[in-house]
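Numbered per this note's numbering, the sequence shown finishes at 311, counting up by one with no gaps. Beta carbons: idealized from backbone N, C-alpha and C, even for Gly. What follows is one structure encoded as structure tokens, with my remarks underneath.
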Amino acid sequence: MNHLFPRHLLGIEGLTREAAIEILDTADTLSHEGVSVPATLQGKTVLMAFFESSTRTRVSFEMAAKRLGAQVVTIAPSTSSVSKGESLLDTVRTVAAMGSEIAVVRHARSGAALFLADRIATTIINAGDGTHEHPTQALLDALTIRRKLGRIEGLTIAICGDVAHSRVARSGALLLRLLGAHVRFAGPPTLLPPGMADAYGVSVYDRIEPALEGADVVMALRVQQERIAGNPLPSLREYNRIFGLNEQRLALAKPGAWVMHPGPMNRGVEIDGALADGPRSLVLDQVKAGVAIRTAVLHLVATHQALLG
Ligand code: NCD
């Protein structure tokens, strides 16, 4: 089955449905109790090149790589030559020359992962590039939903908030649609770029209430203040008033609907703290699924490399 898997994981775009399902299935298989994780990355080095802040993505990739037997080296921009102006390409090329076979890359520029994959021999895993894609987040979200609801096909999933700046929304929509879900994007008009419906095959709403009606799963997105230019929101308090996910609004969704958030959360802005900590919340299930997905992805790319010789 490994022939299905691509050499890099740059985005959900370009991933086949079969490869996506293979990742989800491998994640489940490798996280069964009593299953020992194969040492597929024994003797290999995984580079963690995070040019943007991260907690859960970086830590879970690192845990996953170590579970598979890899050595992990990390580049932190503030303490590496990046702070002296070294380029992304030179930085990753330097560490690749020291012998790292796989680089997990996060960067503020959309297209950074593809840029590297086109230029160096290392396998590149995209851990988030600008507002473009975050494929392992989409995969862990899909796994979380499949684990809870037993399927993805036919579900209605509302992704709500700062769609404009969200790579999570873009990768999520591509994957959930590929797996047969109906996806809705909801955001205030200033955070909802035109053309989303056609580009992603989703229904688009500029108010949250109609987007929630009958949804099986509601995913709140972080208001990405670090990427927002030009004051598209009157204030965060106002945002919470018109778009915040709370118990009252969740009541519009299907009875028993699940709540998700990729983290980090702005409690009291896009999501009520009580809802995030409540019984309908899958936030920590998502974190757990993150380790499983990243283990599966690293295992599959390593197996693929072995097949290529
Ligand atoms: C997301 C990201 O970095 O794109 N976080 C994550 O990976 N869990 C979402 C966000 O930062 O809001």
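Buried or exposed: which applies to residue i, given that a residue is buried once 16 or more other Cβ atoms fall within 10 Å of its Cβ?
i      : result
PRO190 : buried
ALA110 : exposed
GLN227 : exposed
LEU11  : buried
THR57  : exposed
THR158 : buried
GLU211 : exposed
GLY130 : buried
ALA21  : buried
GLN44  : exposed
GLU135 : buried
HIS263 : buried
GLU272 : buried
GLY101 : exposed
MET3   : The predicted model places MET3 with a pLDDT of 43, which falls under 50 and marks its position as unreliable, so this point remains unresolved.
ALA114 : buried
ARG169 : buried
HIS34  : exposed
LEU17  : buried
Mind reading off the beta-carbon distance from residue i to residue j? Whole number of angstroms is fine, and I expect it under 8 Å.
i      : j      : result
THR297 : LEU32  : 5 Å
ALA302 : PHE53  : According to the sequence provided, residue 302 is Leu. The question's Ala does not apply to it. With 8 Å as the limit, LEU302 and PHE53 do not qualify as a contact, their Cβ atoms being about 25 Å apart.
ILE14  : ALA140 : 5 Å
ALA160 : VAL84  : Not confirmed; about 38 Å, so no contact.
VAL107 : ILE126 : 6 Å
When DSSP builds the beta bridges, which residues end up paired with residue i?
i      : result
SER205 : ARG186
ALA51  : ILE77 and VAL107
ASP131 : HIS109 and GLU135
THR125 : ILE104
LEU247 : ILE273
MET221 : ILE161 and MET262
SER283 : VAL261
LEU11  : ILE127
For a test of your reading of the model: does the CB of residue i fall under 7 Å from any non-hydrogen atom of the ligand SAH? Yes or no.
i      : result
GLY265 : The model on display carries the ligand NCD but not the ligand SAH.
At least three beta-carbon pairs within less than 8 Å, the stretch 32-42 to the stretch 249-257: In the pairwise beta carbon analysis, the stretch 32-42 is classified as not touching the stretch 249-257: fewer than three pairs are separated by under 8 Å.
With a cut-off of 8 Å, do at least 3 Cβ pairs link the stretch 147-161 to the stretch 178-186? Three or more Cβ pairs closer than 8 Å define a contact, and the stretch 147-161 meets that threshold against the stretch 178-186.
Counting beta carbon pairs with one atom in the stretch 230-246 and one in the stretch 194-208, are three or more of them shorter than 8 Å? No, the stretch 194-208 does not touch the stretch 230-246.
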